[in-house]
Amino acid sequence: MEQYDCLNKAQLSFEYLHTNSTTHTFLFGALAELVDNSRDAGARNLDIYTCKDPSLRGGFYLAFLDDGCGMHYDDVFNVIVFGKSAKRHAPDSNQIGQYGNGLKSGAMRIANDFILFTKKDNIGTCLFLSRSFHQEEHISQVICPMPCFDLRTQQPIQNTDYQQLNGTRTYTFDKAKHELEMRLIKKYSPFKTIDDLFKQFNLITSSSGTLIVLYNVKLSDTGEPELDIKTDPYDMLIDSKNRRNLFDDDDENIPFEYRSLRAYVSILYYEPRMRIAIQRRRVITKRLPHTLYKPRQYQFKSTRFKTRSEQEIKKCEKELDSLEERKREADSQVHHLQQSIGVTTSIEERSRLRKLQVTAAELKDMTTRLRNGLARKKSEMNTTKTLTFIFGLNIQNRASDGVFVYNCGRLIKMYEKLGQPNKKTVYCRGVVGVVDIPSIVLEPTHNKQSFADEKEYHFLLKNMGEYMRQYWSDAGIENYVKEFWETYGYRDDQLDRPPSNDPEVVKRRQAAVPMLIQCDKCLKWRRLPYASNTPALTQAQLEAWRCSDNTDVMNNTCSTSEKLEIIPEGELKQKPQATNTQNRTSGKVTSPPPTSSSSSSSLTTRSSGTNKRISNGEISSTTAVANSKSRSSRSNVVPKTIIPQKRSLPQSRSLSGKSKGNKKRKQPSSQKTKTKNRNVKSDNEEVEAEEEEEEEEKEDEKEEEEEDDEDKEEDKEELSSPINRRTRGQSSAKPSKTVQKTPPPTPTRV
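So in our numbering the end of the sequence shown lands on 753, straight run, no missing numbers.
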């Protein structure tokens, strides 16, 4: 690497700190990035709090303190490497971070500056990243002071061969560098003395952990901080006058999770396993699927989600090519050195050869594992992906309905409205859907507020809408929706209003879905049995609740395993589709008389196609077919008010007419027989019967045309009269097949 020091290198501009922060349009999404880091570090406790400091912009600083695994010096150095992350290198990793960008983008979205304190193995490392420092010093490149201390002696780390203990970077003490770093931190941070600095390290009371302090917070257009910490002393709210990037609705219609950090964090994770406190008060977290009434899960299977797998395969192929090239180079060096040293007994040469052989063996092993992983990913790409959709009724707050989409257990989208035609209908109202998507199926965006592949995400939402409608049918309340919601204190004319607080109604809601609570000690979830004579738990009791407080003797110890109800499974019932025979029949101008089976099938076809979008071409063709059918029915059916009359025919002609009439009289009986038999015939027999009927109709038409030609010849021979003209006009209408043609008596001329 030293030979390339003279070449130009890419640099990170100071302006990138601001550009990178703009990816977070939702303020709580930026705060969640720091919460995710604590979760990935394995923290069991996270404290989010503020401290007043009038000298800072906004009048306070925001702190995140956890008891996670902490970081060594080389780990902290990787924090300032943008885009580097090793969290998801393991195939079975369930960590949230993957881009190595969340801390910088999230912190810079909330404030102008941040300082990080981390502790591990009694070694404390500090990281200082300040936009205020860069602006005042007019520095274009990003500079990050990073002093390192021995927390037992509170002295800077001296020259130590730290590489043997951890990582690949050795910390080397430089007195001038250390003094410069400390001078910048004291000048541009809220901690002006070395004692103030070590007080922050002392806040990490566990053996390892991390403290992040954000200061000089962003202000809104009104000059107030974007985070409102005055309205509620135990919460952090988004300023009501600065709710940009949220909704155009009134505050009353905006879900509380978009306004309250406490409410947002309570549902941030699919399975909360971390004790989180905001402003020194614990957050009562929720497991959404187990807070719903009559929950039901559906298994959705699809082979369409391939984008993420294709990206992973391409990335793995590039890494494999690079690794194989390094392996070939290492093998070449080993062979060359073996040939050059021959049988020498030099210790240095033998040691050098041994190191090269070890490196080549490691590269070979890495290449084999990576090749096997690539083969596994290729085989899994076309496999069927299975997702679990969970739906239930939110009887505690009917207005808070919609779909919540998680990725690797972390909330990405919430309150996605599906299945509801509009806000004023009760159809699917109060239904909540939950799905947790693995990272291999859909990849989230950098800000973790959406998904990178919008097309596949909309495909997912479309299918969830179908399953939601299926759940609405399975819930069994379709026929008495109004009575169901009235039972739990809701009114149909106030769909967005909260339920009634009548004591009797409140008891019904509590009995329908008993409380699910998390132990403050072991963090296991317990279902509290409902008792009508037991008063509701207070906020203080909820925060300090432990397994020993459980009235259920079977689950009142932390050693007892967690037991939750098994959510029953449902199945999507496919809507009946029109058969090929029905499609062919619907395109004909003349159709046989409908029977009970055919009429029911036509109703099924219409109902199954209710939501289908019809093109202009289909509309025009359908209209043409309908018009042709109506014309055919008008031409073949004789109104009851009209009595067909016939002229007197010669003896020879009358005989031929009777024979034709007899032939036509046989047709209705055969047609009735075919209509009766059609109910028991298969689709193929129906097609053959229809073809035979068409042929008979064509023969009848030919015979009628021949008869008309003969009638015209007779008309030329007869004298014209009003009666004859009227008779001819009436007889011109073709009689129905079912009407018996009997010649009337011969009229007398006037």
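Here a beta-carbon is modelled for each residue, glycine too, at the ideal position from N, C-alpha and C. The structure displayed is predicted, hence computed values, not measured ones.
Residue closest to residue 513, alpha-carbon to alpha-carbon, out of 405, 440, 302 and 295
295
Under the three-state reduction of DSSP, which class applies to residue 384: helix, strand or coil?
helix
Checking 8 Å against the spacing of the C-beta atoms, do residue 435 and residue 394 come in under that value?
yes
Taking the straight line between their C-alpha atoms, what separation do you get for residue 204 and residue 56?
19 Å
Out of 201, 282 and 36, state which residue places its alpha-carbon closest to the alpha-carbon of residue 234.
282
Ends of the beta strand (DSSP E) at residue 213?
212-220
Rounded to whole angstroms, what is the Cα-Cα separation between residue 60 and residue 31?
20 Å
Pick from 156, 28, 222 and 264 that is closest to residue 52, judged by C-alpha positions:
264
Is residue 285 near residue 278, with beta carbons less than 8 Å apart?
yes
In the DSSP assignment, the beta strand (DSSP E) including residue 506 goes from what residue to what residue?
Premise fails: residue 506 lies in the alpha helix (DSSP H), 506-515, not in any beta strand (DSSP E).
Cα-Cα separation, residue 175 to residue 161:
7 Å
Taking contact to mean at least 3 C-beta pairs separated by less than 8 Å, is the stretch 397-414 in contact with the stretch 488-500?
yes
Tell me the rounded alpha-carbon separation between residue 559 and residue 552.
7 Å
Using three-state DSSP, classify residue 368 as helix, strand or coil.
helix
Span separating the alpha-carbon of residue 153 from that of residue 194:
19 Å
Helix, strand or coil for residue 361? Go by DSSP, reduced to three states.
helix
Can you look up residue 406 in the DSSP assignment and give me helix, strand or coil?
strand
Residue span of the alpha helix (DSSP H) that contains residue 484, given as start and end:
484-490
Over the uninterrupted alpha helix (DSSP H) stretch that includes residue 64, give me the two end residues.
Note, residue 64: premise wrong, no alpha helix (DSSP H); beta strand (DSSP E) at 63-69.
When DSSP labels each residue in this structure, what does residue 232 get in the three-state scheme?
coil
Residue 147 and residue 76 look like a contact to me (Cβ under 8 Å); what is the Cβ gap, rounded to whole Å?
So it is not a contact: roughly 13 Å between Cβ atoms.
Can you tell me the Cα-Cα spacing of residue 121 and residue 184, whole angstroms?
17 Å
Would you call residue 10 buried or exposed, if buried means 16 or more other Cβ atoms sit within 10 Å of its Cβ?
exposed
Pairing CB atoms from the stretch 365-372 with CB atoms from the stretch 467-481, are three or more of them under 8 Å?
no
Just to check my reading of the structure: residue 308 and residue 445 have Cβ atoms closer than 8 Å, yes? What is that Cβ distance to the nearest angstrom?
7 Å
Figure out for me which residue from 240, 271, 40 and 440 has the closest Cα to the Cα of residue 262.
240
Could you pull the start and end residues of the beta strand (DSSP E) that residue 118 belongs to?
114-123
Own chain residues within Cβ distance below 7 Å of residue 392, not counting five before or after:
300, 301, 303, 436, 438, 467 and 470
Taking just the CA atoms, how far does residue 218 sit from residue 106?
14 Å
Give me the Cα-Cα distance between residue 420 and residue 42, rounded to the nearest whole angstrom.
29 Å
What does a CB cutoff of less than 7 Å around residue 342 pick up in its chain, not counting 5 residues either side in sequence?
none
Using DSSP's beta-bridge definition, name the partner residues of residue 49.
69 and 279
Taking all protein chains shown into account, do 16 or more other C-beta atoms lie within 10 angstroms of the C-beta of residue 386, making it buried, or fewer, making it exposed?
exposed
Go through its chain and collect everything with a Cβ distance to residue 756's Cβ below 7 Å, but skip five positions before and after it.
In the structure as shown, the chain starts at 4 and stops at 753, and residue 756 therefore has no counterpart that could be examined.
I need the DSSP call for residue 153, collapsed to helix, strand or coil.
strand
Can you give the beta carbon distance from residue 69 to residue 49, rounded, assuming they're within the 8 Å contact cut?
5 Å
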